[in-house]
Each structure stands twice: as structure tokens, then as C-alpha cells.
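Protein chains in written order, with this note's numbering: chain A, 1 to 220; chain B, 221 to 440. Written out below as C-alpha cells is the structure these notes cover.
Number of protein chains: 2
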Amino acid sequence: MVKPNSSTVRSKTSQAASPDDLETRERILDAAHAVFTRKGTAASRTQEIAAEAGVNKALVHYYFGTKAALADAIFARALGNIMPRIFGILADPERTIAEKVPAIAREQIEFHSARPYLAGYLISELHAQPERIARLMSRQGGRVPLDVIRRQLREGARAGKIRPISAEQFVANLMGLLIFPFAIKPALRELLSLDDSRWRAFIEERRRLVPDFFMAGLRP
Amino acid sequence: MVKPNSSTVRSKTSQAASPDDLETRERILDAAHAVFTRKGTAASRTQEIAAEAGVNKALVHYYFGTKAALADAIFARALGNIMPRIFGILADPERTIAEKVPAIAREQIEFHSARPYLAGYLISELHAQPERIARLMSRQGGRVPLDVIRRQLREGARAGKIRPISAEQFVANLMGLLIFPFAIKPALRELLSLDDSRWRAFIEERRRLVPDFFMAGLRP
DNA sequence: CCCTTTATCCATCCAACGGTTGATTGACGA
DNA sequence: TCGTCAATCAACCGTTGGATGGATAAAGGG
Chain A
1 MVKPNSSTVR
11 SKTSQAASPD
21 DLETRERILD
31 AAHAVFTRKG
41 TAASRTQEIA
51 AEAGVNKALV
61 HYYFGTKAAL
71 ADAIFARALG
81 NIMPRIFGIL
91 ADPERTIAEK
101 VPAIAREQIE
111 FHSARPYLAG
121 YLISELHAQP
131 ERIARLMSRQ
141 GGRVPLDVIR
151 RQLREGARAG
161 KIRPISAEQF
171 VANLMGLLIF
181 PFAIKPALRE
191 LLSLDDSRWR
201 AFIEERRRLV
211 PDFFMAGLRP
Chain B
221 MVKPNSSTVR
231 SKTSQAASPD
241 DLETRERILD
251 AAHAVFTRKG
261 TAASRTQEIA
271 AEAGVNKALV
281 HYYFGTKAAL
291 ADAIFARALG
301 NIMPRIFGIL
311 ADPERTIAEK
321 VPAIAREQIE
331 FHSARPYLAG
341 YLISELHAQP
351 ERIARLMSRQ
361 GGRVPLDVIR
371 RQLREGARAG
381 KIRPISAEQF
391 VANLMGLLIF
401 PFAIKPALRE
411 LLSLDDSRWR
421 AFIEERRRLV
431 PDFFMAGLRP
């Protein structure tokens, strides 16, 4: 690694000085993440990414070849960040369903509150390139482990404690309740006339409400 | 209106012949809808829209000025198509909540099954230009009529028939359950290993499941 | 000390894209 | 029958943006 701007050369106008100890490659990745998630891949400019990374546009190509490859990397990274948070908990055989649901809800609401662009970004990318996810998931192996919840749901149903529901529908319902509001945030805010503080209250309320609502929906 | 290709001039290579009685302006709108919803606004090319409309690129500008204006028109049109379907039913004072929920579910699942791109498109646009929806909604007036459900929810809660829930959360939950799976269709199909026919079965099942699940979630 | 490798920038290229212009054509009212 | 106007097209223009080639500098091995 080279790490420029020691003292010698570097006229470099540039901002971006602060978190400069990061490896350049990482800085570019972070910048790309910021720009891509904010404006969407198609509307993002490599120039802007380079600037945000405090680096020359050519260097972006040096590290990642093409814009599309960089976009793939960011998408895969975001996916690899969010998916284990959901499926890691779901696949845990130690916890009951009644424990998992609030845990996931807490986790996801926390997560998306801190990353308001992410849900919208992921859906946009999914929509723009529906085939990519198959490519990425096959490459890094790993279909999703539904067997644990599937078993728990079956046992709960047999014991008459919950109504019969497939693991697929279970997951779809849970994700819809948790993620969707973040994905359409601008529309919801307008539709429901929620200013900043009411939006926060709205989301805060869902932390309680969603687990209750969801578990109630499962009762037979 | 002029209506070309009568018989005289028109060398015109072009396909697009079939539904040609539509006014040109409408043909362009339809083409723009198809292209924009399929690839997203930023990745769409006016040239492609023109081609799909069987028309010259200059004509697109002749009718709509700029790509952005055309994009606005398509977005507003899509919004004006989907929103009344939900809020029209919700605002009906004649139907009870227990009647509205299955009605909306039927309607929405039908709607999105026939328009697989629409949910993803709307969320992408929302994400790419969060301020636009405020602009459009203020222009054509019309905040959403939540008072009817709000009253019904309050009365249901007072009578002890449903648990207390705000109209806002009610709407968010319902939309999340109904729309989200369509919005992330490519991911769900991959995650849950649903091929074409299993996807259809999955959606078909939700027609029953969502109203049941949702109404159960409302029980006190 | 050279020579190779890695990292970085500058300048430039080229395709593509959004938008414009000017000409043509047909319909129609005066 | 002529002039006007809306509709339409082919060709063009200016800019942007992704990509590349070459120069340069530091690092490090031999």
C-alpha cells in the first residue's frame, strides 16, 4: 500500500481528509456505497464516487474495472449485511418463535432507522436487475436455512398453539411488516402527513406493535 | 390530429403497427410507461421510448418537453392508478373493516399480479426522488381520507372487538403485507427457491392468508 | 543501485444521450 | 386556392460520462 499525501507531492485540492487512514480500496467502496444507495446505481456517476473517496476517477477503474462491477460489489455487500441479520436469528434452534419475532423486529427497525436509504436502494436494484441476485447468491453459495422455522411452525401448529402457516409465508409477512414502511418512507410521510418527529414516533411505535400484531396473527 | 400512415407517404420500417388507432400522445405515454417501469427512469432512454411508440425521438420532446416531465407524468399516472384502489375502499363508510380487508387484498393481489413491475418501479422512483411525491400530491390536491377507518377502528376498539391501533399503522401493515412480496419478487423467488409455478401458488395462497392473518392480528 | 510492481493522476477518447432545428406534410378555414 | 397551424421526421449539436493510455512516483527485492 502506498498511502499518499504524506507531505511531499500532493497538491490535491480535496476535502475528504478526515478518515484517511482507511485503505484506498475501502474508501472507494464506502464512497460508492454512499452514492449508490443515495441516488441509485443508474443515476450515480463514477466521478462523484471518486470525489467522495478523495481520489481520481481513473483509480476507481483501476480497482474495480467497470462501474457495473463496482455496483455488483456494493449490492452484494449490502445484501450480505442485511440477510444474516434476519436469517441468522430465524435459523437459531435455541429460540422459540415467540422469542425470534421480537428479536428480529428490534433488530430490523434499529437497522433501517440507521440506514434510511438501504431498503429503497435494495428494492431499486432488485427491480433494475432482477437476475443479478440469482447470480450473486449462486456464486457465494448459500440458500436460506428455513428448516428450523419450518419445523417450529409445524410443531406449533400440531400443538394447536399457532395456526398452520408455511415458512415462506411467515418470512414474507414478517419482512413486509418490518421493511416496507422504510422502503416507501417518502410516500408514507406524505400520505399520512408525518413530519420528522411524527415519523420517528410512528416507527418507534412499530417496535412494539409489529411483534404483537404478528404474533396475534399467528394465533389459531 | 393527423393520423399518418393512411396510405400515401410513410416508408416507415417500423413494427408497432397493431394498436395504432391510439392517439400519438397516448402511444408515447404507454411506451414510456412500459420502458420506465421495466428499467427505471434513470436507465431508460428517450430513444427507446420513441421506438416503442413507433415514433421519432423529437416527437417525444414535442409532446412532453423533457424526459423528466415525461417521467413525472408516468409516475403520477401510476400513482393515480394504484392509490384510489386502496383508499377508495378504505374510505367507504358502508363497509365494515372485516369486509374491507379481504376486498383490498383481492384487489391488490389481482392488480400487482397483472403488473409485476409496478411495485418495484414505484418504490424505485420514490427512492430516487423522494421530494417528487410531495410536489405531485400538493399539486393535484388530495390528502388521504383516513377518517372513516380511523372512526371504525376506534369504535371496534371501544366495543372490544379489535385491539387499539392507529389508522396509520393499520394502513402500513396492510400495504406491507400486500405489496412488499411483489416489490422484492426476484429476491423472494431466489431466497425461497420458488420457480414460476410455485411463485404463482405462493401468491395465490396469499389471497386467503393475508386477510386471515391480518384480521387475526387485529383481534384483542 | 537498478528494475519491477503497485498506486495514483492527468489528459484524452469515444459513444451515447438529451435536446434542438429546420424542413415537410397534410388538414382546414378564409 | 392559399396561408396557417399542428404533427412529424431526419439530421444535427453540445455535453456528459465511462473507459483507457501513458506518465510518475514510491516501495521493495535482488
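Note that CB positions come from ideal geometry on N, CA and C, so glycine has one too.
Cβ-based burial, A/R45 [other Cβ within 10 Å; buried from 16]:
exposed
So A/T37 and A/Y121 are supposed to be a Cβ contact under 8 Å. How far apart are they, rounded?
4 Å
The segment 300-323 of chain B: positions lying closer than 7 Å to chain A by Cβ
none
Grab the span of the alpha helix (DSSP H) containing B/R409 for me, first residue to last.
405-411
To the nearest angstrom, report how far apart B/S226 and B/I353 are at their CA atoms.
Confidence is the limiting factor: at B/S226 the pLDDT is only 28, short of 50, which leaves the residue's position unreliable, though a coordinate-based value still follows. The alpha-carbon atoms of B/S226 and B/I353 are separated by roughly 41 Å.
Beta-carbon within less than 6 Å of A/T13's beta-carbon, same chain only, minus the 5 sequence neighbours each way: which residues are those?
Low per-residue confidence applies at A/T13: pLDDT is 26, beneath 50, and the placement is therefore not dependable, though the value from the model is reported in the following sentence. Counting only Cβ-Cβ distances below 6 Å, and skipping sequence neighbours, we find nothing.
A/A76 to A/A34, Cα distance in whole Å?
14 Å
Checking contacts by CB at 8 Å: is A/K67 closer than that to chain B?
no
Looking at B/G396: is its Cβ nearer than 8 Å to the Cβ of A/G176?
Going by C-beta atoms, B/G396 is nearer than 8 Å to A/G176.
Checking 8 Å against the spacing of the C-beta atoms, do A/A105 and A/R207 come in under that value?
yes
Reference B/P313; option with closest CA among B/R355, B/A379, B/E243, B/L373:
B/L373
Tell me which same chain residues have a C-beta within less than 8 Å of the C-beta of B/F434, skipping the five on either side of it?
V321, A325, N393, L394, L397
What is the DSSP secondary structure of A/P84, reduced to helix, strand or coil?
helix
B/S344, buried or exposed, once every other Cβ within 10 Å from all chains shown has been counted against 16
buried
Between the segment 74-90 of chain A and the segment 143-150 of chain A, do three or more beta carbon pairs fall short of 8 Å?
yes
Of all the residues that make up the segment 168-187 of chain A, which are near chain B by a beta-carbon distance shorter than 9 Å?
Under the 9 Å Cβ criterion, the segment 168-187 of chain A contributes E168, Q169, V171, A172, N173, M175, G176, L177, L178, I179, F180, P181, A183, I184, K185, P186, A187.
Between A/A119 and the ligand HEM, is the CB less than 7 Å from at least one heavy atom?
No copy of the ligand HEM occurs in the structure displayed, which carries no ligand at all.
Indicate the three-state DSSP secondary structure (helix, strand or coil) for B/I382 in the structure shown.
coil
How about B/K381: is its C-beta nearer than 8 Å to some C-beta of chain A?
no
Quick one: measure Cβ to Cβ for B/L346 and A/I184, integer angstroms, because I've assumed they're closer than 8 Å.
6 Å
What's the C-alpha gap between A/R219 and B/L338?
33 Å
Could you tell me which chain B residues have their CB closer than 9 Å to the CB of A/R151, listed as they occur along the chain?
Correct list: empty, because the minimum Cβ distance to chain B is about 16 Å.
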